Amino acid sequence: MRKTSQKFSQSHMLCKVALVAIMLVFQAMLGIGAGVLNAQTVKGTVISGSDNEPLIGASVMVQGTKTGAVTDLDGNFTIEAKNGQTLEVSYLGFITQKIKVTGSTINVTLNEDKQSLDEVVVVGYGVQKKKLVTGATIQLKGDDIAKLNTTNPLSAMQGQTPGVNIVSTSGQPGAAMSVTIRGLGTVGNSQPLYLIDGVGGDITTLNPADIESIDVLKDAASAAIYGAQAANGVVLVTTKSGKEGSSKITYDGYVGWQTLGRKFEMLNSNQYMQIMDEALLNSNNMSPIDWTSLSAIRDANGNVYNTDWIDQAVDNGALTTSHSLAFTGGSKTSTYSISGGYTGQDGLIGGSDVSYYKRYNLRVNSEHKMWNGLVTIGEHVGFVYKDSRGMGTGNIYNNNLRSAFSTSPLVPVYDADGNYYSTVDSDWNKNDGNPYGTMMMNRYNQSKSTSVDANVYVQIEPIKNLKFKTVFGLNYGGSNYRSFTPIYKFTPQSGNGITKVNQSNGNGTSLVWTNTLTYDFNIKEHHISALLGSETTKYDGESTGSYGVNLTAGFDDWEHAYVENTEKGHADRKVSGGPYDATRGQSFFARLGWSWKDRYMVNATMRADGSSKFAKGHRWGYFPSVSAGWTLTEEDFMKSAASWLDFLKLRLSWGQVGNANINCYQYLAPVTTSNTNYNFGATGGTDAWVMGAYTERLANEKVKWETSEQYNVGLDARFLRQRLSLTLDGYIKSTKDWLVQAPIRATAGTGGPVINGGDVKNKGIEVGLSWNDNIGRDFTYSVGANFAYNHNEVGNIPTLDGIIHGKDNQIYQNAEEFYRAENGHAIGYFWGYKTAGLFQNQKEINDWIAAGNGIYQADVKPGDVKYVDVNHDGVINASDKVDLGNGLPKYTFGFNFSLAWKGFDLSANFTGAAGFQIAQSYRDPSSSQANYSRRILKRWTGEGTSNEIPRVTYGDVGNWLFSDLYLQDGDYIRLQNLTMGYDFKKLISWKGLSKMRLYFQVQNLFTLTKYDGMDPEIGSFNGTDGNSSDSWVSGVDMGYYPHPRTFIVGLNLAF
């Protein structure tokens, strides 16, 4: 092994010497280095700004002359130049620098050109030079993602990808992310297609340290090669592989502490009692409460309780940690990369007892070339194990945060014996539960999952650039869940009177076999690339669930909480199985690309997809695209701009993509049994109950693909020696034939069929800017900004009223529908009453009625809400509800900068959104004794005191119908990440050490917003039943789990 390593090292050194020798010969052939009269000898070193390593073979030219030199093995150069002349230093893949000669020594630091036009980007089933790309794509480097230290790679992409709106569905550890590319295009599943090394997988489970790059295909022309899977865009993840050269070992690790970034202030005890008394007086002069007579609100010393339920729930100091270790290396014929990682995060709310997330990653990638490159074989294998616990959030039921907001501060957490306090025996407000105790009693749950994403491939290249590649891919996911609810009772009406256990498990396996034939060739100055391919897919999945109650004595705790240990003969003991899911697919695709002198370029693709999800006659869909580019800077008429304009390309594209995100067998009407028994009369004096069966849903043999068509026009430009870059895109995306469940009457006794109905148009603009430069040798910096605008509008919904209705009983108990999708409006817009302020006096009430306006309140008084009578019929009812706004941001943006100087580095990432509303509901209007936020201190208390927050009353008198009073602007800008670091490698002489960077980082340092809730970054809404059919609604805050502020200390090592 040692001999092989020595031979490799010697060979590597000989290559370096040969490279320098060739460049020196080339220099001599051009006459470079001819004597310069009155010149002096200038010496210096050229190094890389990213790692301070010498750059071998960098070009050093005296501007305006033929005098030049190249750097040697140590990055050194010698050149003859006069004072006042300018040296131009360049190296492939780095930004060229110009330095004026002022002495005999000049040292130069070159920065990597992250926008280098000769680098390749990943496209569907291949790679392509960036300067030849004709679609709308964006690439993020893996190192830029890893340095942000997020548990989820999608979090690191926030604010860095214009047109890609990424919002967390919760700040809870391991929570999912909601991703929409170029606007919401469906009321179904809107998530993009994620491919990890070409195989479908879950990007959220990836270790960010394993990622080489992420490429986002935003327009239909780029994504059409993936056909029916690409209507919501495509995200291509490439994991790290080994590089030819010596072996490398890297370690990346950090530990962090989480705190509450922004607290929502509730009323304290004194304020609460004052508001309660005022509410009683405003309600027909009811007598105020005699607080002095209530023993339940005082401790043993007679002090009034003043519980801050938010402080009680938050665990400031909750830990988060991550460790990654990787081994990479290779030779000319074989490369490898082996990595392992662990990520853990405790919950900010309740700590690890209530929620946590643990993830273990293992990845092995290798590639081997045989017979002088005739055959290449390789594999990518990733294994993930997750262990997590979570709490209920996001709706009006089983939401511990919402309960904490609304529970009175007069209720203590613990009783005199140290047990969780119960109001069962209280002499006041028996309806107030104990939100902290409830949270702790419902914390017993655990989810475990295992997943594998893998592929093996063989590539044959019989002649240069003619390649046949076959890839076998696997994605497996298996999970099991268990929960336990002990006996507890915190109010007379609520609690849990019997131990309960839930268990469930499921698994799914996707297999894909992909075959491609590619050929790249030139005919004089014409370059042609061709791709032919086929893909066969197979998915099988199944799930089971069980439920039991009344655990056997001695087994009624979390360790023994299994259905097997519950009462065997109990009527509530159930075992159920989910439907077997089996889908098959067959696809054929082709791509043809042409370019001439890198000046003109055209690409066309076609994909045909067949899926077993649809009935015969509708199984095949066809998805074409075409795109073109024109590099203007290759034209002679643009040469006059060469001093400041390095590159300018115009792009134009059109394409169609599809969506088949529905369950299988929608063209059939399955029969299922029900957990409800049916009474078929009496037998021998006893009721006869028989298990029944029914049709689960109606069939629809005509259901077909959802289709998205998109036009895109774009521009790519580089200025001032590649230091300034600009990308600009405009698009129109039309999605039609939504896959939705048809509404049917409840008396039908079955579920509605999946049909095609509805379309939406998204229009937008995207801008990306960046600047990379240096000041002197040691100081380098970069600045980037991006902006996106999107307008979303439903075109047609083929129902009688042109509406897909939201559900009742969502934003508070017994609430009417408050969101919907409707012709001419944004998807998921808020539907409610418009208000015109508050009645300030009786004269205003009289004048309002005299003008023919309706009044909703039965006994309207000053301080009550003026609901606008939109149709002027003298009645306030549903006909007066209007579009109040929506939770879809019109504008998203990001900003970042980084600085580096002599081993020190500083970077910051900002993200933000604007042009959207948030519907906030932390309190149920019918809960008379529920607490209020301190916003209520600005309520109406007399004429002129407020025109926004109505008077308080005991019970709802009609002032809290869903209206614009629930809405706030959600605009925000957040400092997502601030990092400071220093590389100590120059101070430590460890053999082989190439990096020893210690850094400090703060995540979510501050958020600038007018929104008064805990967090303005609100993801999709899942409704009271957690039904994903509500996920097309955004911006609903009913006790949203906030994002923590995290302080991190980390270490990067490389050998």
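Oh and the sequence shown: position 893 is 893 in full-length UniProt numbering, straight run, nothing missing.
Heads up, the beta-carbon is just placed ideally off N, CA and C, and yes, glycines get one too.
Since we're looking at a predicted model, the values are computed, not measured.
Whole-angstrom C-beta distance between residue j and residue i, which should lie under 8 angstroms
i: residue 249; j: residue 327; result: 6 angstroms
i: residue 1076; j: residue 110; result: There is simply no residue 1076 to check, as the chain begins at 1 and stops at 1055 in what is shown.
i: residue 624; j: residue 697; result: Contact doesn't hold; Cβ gap of about 33 angstroms is too wide.
i: residue 605; j: residue 658; result: With a Cβ gap of about 13 angstroms, residue 605 and residue 658 do not count as contacting.
i: residue 1071; j: residue 976; result: Lying before the first or after the last residue shown, residue 1071 is absent from the chain, which here runs from 1 to 1055.
Check whether residue i and residue j have beta carbons under 8 angstroms apart
i: residue 330; j: residue 200; result: no
i: residue 929; j: residue 177; result: no
i: residue 447; j: residue 479; result: yes
i: residue 264; j: residue 310; result: yes
i: residue 797; j: residue 804; result: yes
i: residue 232; j: residue 190; result: yes
i: residue 1009; j: residue 983; result: no
i: residue 653; j: residue 627; result: yes
i: residue 1094; j: residue 1036; result: Coverage of the chain is limited to positions 1 through 1055, which leaves residue 1094 absent and any answer about it impossible.
i: residue 1070; j: residue 149; result: Lying outside 1 to 1055, the shown extent of the chain, residue 1070 is not represented and no answer is given.
i: residue 451; j: residue 434; result: no
i: residue 133; j: residue 121; result: yes
i: residue 163; j: residue 766; result: yes
i: residue 137; j: residue 216; result: yes
i: residue 91; j: residue 69; result: no
i: residue 135; j: residue 221; result: yes
Coil, strand or helix - residue i by DSSP
i: residue 584; result: strand
i: residue 941; result: coil
i: residue 205; result: helix
i: residue 31; result: Unreliable positioning characterises residue 31 in this predicted model, as indicated by a pLDDT of 39, which lies under 50. A coordinate reading is not provided.
i: residue 84; result: coil
i: residue 798; result: coil
i: residue 1044; result: strand
i: residue 149; result: coil
i: residue 101; result: coil
i: residue 1050; result: strand
i: residue 961; result: coil
i: residue 668; result: coil
i: residue 420; result: strand
i: residue 54; result: strand
i: residue 729; result: strand
i: residue 934; result: helix
i: residue 224; result: helix
i: residue 1055; result: coil
i: residue 1122; result: Any property of residue 1122 remains undetermined from this structure, which presents the chain solely from 1 to 1055.
i: residue 36; result: Unreliable positioning characterises residue 36 in this predicted model, as indicated by a pLDDT of 39, which lies under 50. The coordinate reading is nonetheless provided below. Of the three classes helix, strand and coil, the one that applies to residue 36 here is coil, per DSSP.
Bridge-paired residues (DSSP) for residue i
i: residue 1061; result: Lying before the first or after the last residue shown, residue 1061 is absent from the chain, which here runs from 1 to 1055.
i: residue 468; result: 460 and 517
i: residue 532; result: 517 and 590
i: residue 1075; result: Absent from the structure is residue 1075, since the part of the chain shown begins at 1 and ends at 1055.
i: residue 620; result: 610
i: residue 309; result: According to DSSP, which records beta bridges pairwise, residue 309 is partnered with nothing at all.
i: residue 702; result: Note: residue 702 sits in no beta bridge, so no partner.
i: residue 599; result: DSSP lists no partner for residue 599.
i: residue 507; result: 478 and 542
i: residue 1032; result: Looking at the DSSP assignment, residue 1032 forms no beta bridge with any residue, so it has no partner.
i: residue 257; result: 319 and 1047
i: residue 853; result: Looking at the DSSP assignment, residue 853 forms no beta bridge with any residue, so it has no partner.
i: residue 389; result: 356
Any non-hydrogen atom of the ligand PLP closer than 7 angstroms to residue i Cβ
i: residue 990; result: Of ligands this structure carries none, so the ligand PLP is not represented either.
The segment 537-552 in contact with the segment 495-508 per 3-pair CB rule at 8 angstroms: Yes, the segment 537-552 touches the segment 495-508.
Touch test, the segment 480-487 against the segment 412-431, Cβ-Cβ under 8 angstroms, three pairs minimum: Fewer than three pairs of CB atoms, one per stretch, sit closer than 8 angstroms, so the segment 480-487 makes no contact with the segment 412-431.
At least 3 beta-carbon pairs within less than 8 angstroms: the segment 962-977 vs the segment 824-833: Remark: three or more beta-carbon pairs, one from each stretch, lie closer than 8 angstroms, so the segment 962-977 and the segment 824-833 are flagged as touching.
Inter-stretch contact at 8 angstroms, needing at least 3 Cβ pairs: the segment 1045-1053 / the segment 898-905: Between the segment 1045-1053 and the segment 898-905, the count of C-beta pairs closer than 8 angstroms stays below three; the two stretches do not touch.
The segment 986-996 touching the segment 854-862, judged by at least three CB pairs closer than 8 angstroms: Note that the segment 986-996 does not touch the segment 854-862; fewer than 3 beta-carbon pairs, one per stretch, sit closer than 8 angstroms.
The segment 773-787 contacting the segment 735-744, beta-carbon criterion three pairs below 8 angstroms: As far as the Cβ criterion goes, the segment 773-787 does not touch the segment 735-744, which means the pair count is below three.
Given 8 angstroms, three or more beta-carbon pairs between the segment 354-361 and the segment 288-306: Cβ pair count under 8 angstroms is below three, so no.
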